[in-house]
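K.L.:
Number 166 marks the last residue of the sequence shown (the working numbering); no jumps.
Note that beta-carbon positions come from the ideal geometry of N, C-alpha and C, so glycine has one too.
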Amino acid sequence: IRRRVEPTKFFARTQEFIKQYRVGTESGIPVVEPPPGSDIYMTALTYQWIPVLRLRKGAEYTLHLSALDVNHGFSLFPLNVNFQVVPGYDYGLRVTPTEAGDFRIICNEFCGIGHHTMVGRVIVLDESGNEVGRSGGAQ
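Pasting the structure below:
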């Protein structure tokens, strides 16, 4: 799914999404945990991915990606997912996490002097809603 969008309007939608599903913060970045089946929003801007996502293993989501400022690359490590994120476009990707774990989003498109610090996070919870390796979670 790809459609044109005004970057500031997409960012405003991301902020609404954060307000609705926020469960905490991590290093000043909001952490959200939307229900399975949700449309989820992530924005790339000035060396950060906003927000941190907490998703459920086996649940389907539609991930909407866009950039507020310049081109960014979305690489989900350690998986082989690589996507160009361009301002002015809403890229909707249907995703179903197949394993629980802690994944990093790395910007693989040079976006400026702080590019090397642009790392986001996706936490995939197990079927019981626990983080892998945490007490009460899967080991």
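Can you look up tyrosine 88 in the DSSP assignment and give me helix, strand or coil?
P.N.:
Walking along the sequence shown from the start, residue 88 turns up at place 61. Correct three-state label for tyrosine 88: strand.
K.L.:
Less than 8 Å between the beta carbons of valine 122 and tyrosine 74, yes or no?
P.N.:
Stepping through the sequence shown from its first residue, residue 122 is reached at position 95. Stepping through the sequence shown from its first residue, residue 74 is reached at position 47. Not in contact: valine 122 and tyrosine 74 (Cβ atoms no closer than 8 Å).
K.L.:
Exposed or buried, which one is leucine 80 when buried takes at least 16 other CB atoms within 10 Å?
P.N.:
Residue 80 sits at position 53 when you count from the first residue of the sequence shown. With 16 or more Cβ atoms within 10 Å of its Cβ, leucine 80 is classed as buried.
K.L.:
Hey, how far is the Cα of leucine 90 from the Cα of threonine 70?
P.N.:
Looking up residue 90 in the sequence shown gives position 63. Looking up residue 70 in the sequence shown gives position 43. C-alpha separation (whole angstroms): 11 Å.
K.L.:
When burial is assigned at 16 or more other CB atoms within 10 Å of the CB, is glycine 139 buried or exposed?
P.N.:
Start at 1 with the first residue of the sequence shown, and residue 139 comes out as number 112. Glycine 139 is exposed by the Cβ-count criterion.
K.L.:
Could you check where the beta strand (DSSP E) with glutamate 53 kicks off and where it finishes?
P.N.:
Numbered from its first residue, the sequence shown carries residue 53 at position 26. 49 to 53 is the extent of the beta strand (DSSP E) around glutamate 53.
K.L.:
Using 8 Å as the threshold, is the C-beta distance between valine 149 and alanine 127 below it?
P.N.:
As a first step, residue 149 is located in the sequence shown; it is residue number 122 there, counting from the start. As a first step, residue 127 is located in the sequence shown; it is residue number 100 there, counting from the start. Taking 8 Å as the Cβ cut-off, valine 149 and alanine 127 do not qualify as a contacting pair.
K.L.:
If you check the beta carbons only, do phenylalanine 104 and phenylalanine 130 fall under 8 Å apart?
P.N.:
Sequence index remark: in the sequence shown, residue 104 carries index 77 (1-based). Sequence index remark: in the sequence shown, residue 130 carries index 103 (1-based). Yes, Cβ-Cβ distance for phenylalanine 104 and phenylalanine 130 is below 8 Å.
K.L.:
Between glycine 85 and glutamate 154, how many whole angstroms is the CB-CB distance? I'm expecting something under 8 Å.
P.N.:
If you number the sequence shown from 1, residue 85 lands on position 58. If you number the sequence shown from 1, residue 154 lands on position 127. Rounded, the Cβ-Cβ distance is 6 Å, consistent with contact.
K.L.:
Secondary structure at phenylalanine 38, three-state DSSP: helix, strand or coil?
P.N.:
Counting from 1 along the sequence shown, the entry for residue 38 is found at position 11. Here phenylalanine 38 sits in helix by DSSP.
K.L.:
State the Cα-Cα distance for the pair tyrosine 9 and isoleucine 77, rounded to the nearest angstrom.
P.N.:
For residue 9 there is no data in the structure shown, the boundaries of the chain being 28 and 166.
K.L.:
Just the Cα atoms here: how many angstroms apart are alanine 39 and proline 57?
P.N.:
Looking up residue 39 in the sequence shown gives position 12. Looking up residue 57 in the sequence shown gives position 30. Roughly 14 Å separates the two Cα atoms.
K.L.:
Shortest alpha-carbon distance to glutamate 33 belongs to which of Ile132, Leu95, Pro124?
P.N.:
In the sequence shown, the residue the question calls residue 33 occupies position 6. Selected option, being the one with the closest Cα: Leu95.
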